Amino acid sequence: MATPSVQERVLIVGAGQAGARTALALRDAGWQGAIVMAGEEPELPYERPPLSKAVLTGSAQPGDATVLSEADCGLHGIELLRGETVSALDLVHRQARTARGARLDYSHLVIATGSRARELPMAGAQLDGVFVLRTARDALAVRDRLKHGARVVLVGGGFIGLEVAASAASMGCEVTVVEAHRHLLGRVVTPTIAAAVERLHRSHGVDVRTGARIDSIEGVDAVRRLRMADGSAIEADIVIVGIGALANDGLAIGAGMPCGDGVLVDEGARTRAEGVYAVGDVARHQTLWGAHGVRLESWENAELQATAAARSIVGKPAEARGAPWFWTDQFGGNLQMLGYPDPRHEVVLRGSLDADSWCAFMVDGERIAAACLWNAGRERRGIAQLMNAGRPVPASLLADRERPLRDLLKVTS
Ligand SMILES: Cc1cc2nc3c(=O)[nH]c(=O)nc-3n(C[C@H](O)[C@H](O)[C@H](O)COP(=O)(O)OP(=O)(O)OC[C@H]3O[C@@H](n4cnc5c(N)ncnc54)[C@H](O)[C@@H]3O)c2cc1C
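One gets my numbering by counting positions in the sequence shown from 1 and adding 1087 to each.
This is the structure we're talking about:
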């Protein structure tokens, strides 16, 4: 291949899942120019979902989920700069500067810098034994401390906190989950489903404390306990903080781009700056599946937005997106979510929440606005079809376990 001129170079900043997928999708879409990807982590680009699951329990290594190998880079003509942090962007001259002082020219820029774990703003948060879980290194450091009998406290009852709780409990640790909200998974599921998840954790010996506020983390060199706002204490050998993530949009802000916990993008992953795109956790969608201003931290979003950016760069139209999809694995079970649950939605159950498998539909009138599936992943495709088509389905049919869900597509078409 002849060396392309700078007019034909895509620079991808951030070599995580979305960045690596964008590089591959560009070649799929027919991009002939150069592709350079700069990422601050030393590892090859990898997927993060196993970090809180199989990597913690020791049944997988972070490298098992590599997205782009050296061989892929050679095959697809992708120049991967590992351990290279981009420190500033000059949108006028289409140039990025690295922390080591190098300058990288581009014709198209893709911001794929992901998100970072939110830290606890309180005394003791810097003590040894207090962790967040975002990178392969974090996961290996946490894994090192998850010894049988260790007292492990999860701060935050969101997905990552609960996955770590499940992994730690399965390794024989004494686990406590501390959640400030009234129920677990406060932002993403309805109280009924949260209660089912809480029962699951309690049945495996996890001490779940909701509505609990931490005052400080105590210890001298290493963490010893959490002091709660009500004066009580929870003894801890290790504390993992999982209280959400913030978009790594500092580069975009520094370059004067409009941001609001995320770089604003359209359905083609285009930002408001010409020739600049944003993908994955760092991007905030202006509109996505009927919702405005959403930022998704999910495997699926990283995949789909990578394709969208590549298509935009080569001048192809964006493909329609369906209901957002997310999954989590806890205690050998699998919970999948479609759409945006809202506490105002009525919940229609198909099966009992105490059974091994169930579906819960969040309905708005006769339309399915969101769905949660417990060990029922095989139903996802059919439900997504109903949701994406906006088909009205009577609650009585949704709840009827004698009617296969795929039949509802025929009934309602
Ligand atoms: C522990 C964990 C478990 C998860 N489990 C699930 C799950 O079960 N299901 C699901 O759907 N999703 C899950 N997710 C979410 C999913 O992994 C993310 O949405 C996905 O990784 C987003 O990809 P990304 O490329 O946008 O960000 P990342 O994968 O975070 O990649 C961004 C990269 O950019 C780099 N970077 C940042 N700033 C710079 C800079 N200035 N210069 C150079 N490089 C930079 C970062 O170091 C990082 O390597 C999980 C996430 C975590 C952390």
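Beta carbons: idealized from backbone N, C-alpha and C, even for Gly.
Bear in mind the structure is a predicted one, so any value in this text is a computation, not a measurement.
Near ligand 1: residue i beta-carbon under 7 Å from a heavy atom
i       : result
Gly1211 : no
Asp1368 : yes
Val1328 : no
Ile1509 : Outside the shown range of the chain (1088 to 1500) lies residue 1509, about which nothing can therefore be said.
Gly1101 : yes
Trp1376 : no
Val1480 : no
Val1173 : yes
Trp1414 : yes
Glu1390 : no
Leu1287 : no
Ser1139 : yes
Leu1233 : no
Leu1167 : no
Gln1104 : yes
Ser1385 : yes
Ser1146 : no
Ser1202 : yes
Ala1199 : yes
Arg1230 : no
Ala1189 : no
Asn1475 : no
Pro1136 : yes
Arg1221 : yes
Val1125 : Before going further, note that residue 1125 is Ala rather than Val in the sequence given. Yes; taking the cut-off as 7 Å, the Cβ of Ala1125 has a heavy atom of ligand 1 nearer than that.
Asn1421 : no
Asn1462 : no
Opening and closing residue of the beta strand (DSSP E) in which residue i lies
i       : result
Glu1489 : Per DSSP, Glu1489 belongs to no beta strand (DSSP E) and is neither H nor E.
Gln1182 : 1182 to 1185
Arg1468 : Taken as a continuous stretch (DSSP letters only), Arg1468 belongs to no beta strand (DSSP E), being part of the alpha helix (DSSP H) at 1467 to 1476.
His1288 : Segment 1278 to 1290 is the alpha helix (DSSP H) holding His1288; no beta strand (DSSP E) there.
Leu1241 : 1238 to 1242
Arg1169 : 1165 to 1169
Met1124 : 1121 to 1126
Cutoff 8 Å; reference residue i; Cβ partners in own chain excluding five residues on either side
i       : result
Ala1089 : Note that Ala1089 scores a pLDDT of 47, beneath 50, so its modelled location is shaky; the value from the coordinates is reported in the next line. Result list for Ala1089: empty, nothing under 8 Å.
Gly1211 : Val1217, Ser1303, Ile1304, Glu1305, Gly1306, Val1310
His1291 : Ala1253, Ala1256, Ser1257, Phe1418
Ala1158 : none
Leu1287 : Gln1417, Phe1418, Gly1420
Leu1227 : Val1142, Pro1149
Gly1343 : Leu1178
Arg1169 : Ala1102, Gly1126, Glu1128, Pro1129, Glu1130, Leu1131
Sheet register partners of residue i (DSSP bridge)
i       : result
Arg1312 : Glu1305, Glu1322
Val1219 : Val1328
Val1366 : In the DSSP output, where bridge partners are listed per residue, Val1366 has none listed.
Phe1448 : Val1435, Ala1458
Thr1153 : Tyr1133
Asp1177 : Gln1182
Ser1202 : Ala1334
Arg1296 : Val1265
His1372 : Val1352, Val1381
Val1197 : Ile1099, Tyr1364
Arg1190 : Arg1184
Pro1479 : Arg1454
Residues near residue i by beta carbon distance below 7 Å, same chain, minus five either side
i       : result
Val1179 : none
Ser1174 : Arg1184, Thr1185, Ala1186
Arg1312 : Glu1305, Ala1320, Ile1321, Glu1322, Ala1323
Gly1329 : Leu1220, Leu1241, Val1242, Gly1243, Gly1245, Ile1247, Gly1248, Val1251
Leu1485 : Val1435, Arg1437, Phe1448
Asp1308 : Asp1215
Glu1466 : Cys1446, Leu1460, Leu1492
Leu1351 : Pro1345, Thr1358, Arg1359, Arg1371, Gln1373
Glu1206 : Ala1212, Val1219, Val1328
Close-in-space but distant-in-sequence residues of the same chain around residue i (CB under 6 Å, 5 per side omitted)
i       : result
Asp1368 : Gly1201, Ser1202, Glu1384
Val1123 : Leu1098, Glu1166
Ala1389 : Gln1104, Ala1105, Gly1367
Glu1130 : Ala1223
Gly1402 : none
Thr1263 : Val1240, Asp1294, Ile1321
Thr1172 : Glu1127, Ala1186
Cutoff 8 Å: residue i Cβ touching any chain D Cβ
i       : result
Thr1153 : Included in the structure is just one protein chain, with no chain D present.
Opening and closing residue of the alpha helix (DSSP H) in which residue i lies
i       : result
Asp1115 : 1104 to 1115
Glu1261 : It is not in any alpha helix (DSSP H) - Glu1261 instead sits in the beta strand (DSSP E) that spans 1261 to 1266.
Leu1249 : 1246 to 1257
Val1142 : 1141 to 1144
Practice task
Tell me the start and end of each unbroken beta strand (DSSP E) in the region 1401 to 1436 that is at least 3 residues and wholly inside, in chain order.
Solution key: 1412 to 1417, 1420 to 1426
Problem - Contiguous alpha helix (DSSP H) assignments of at least 4 residues, all confined to the region 1335 to 1363 - result: 1337 to 1341
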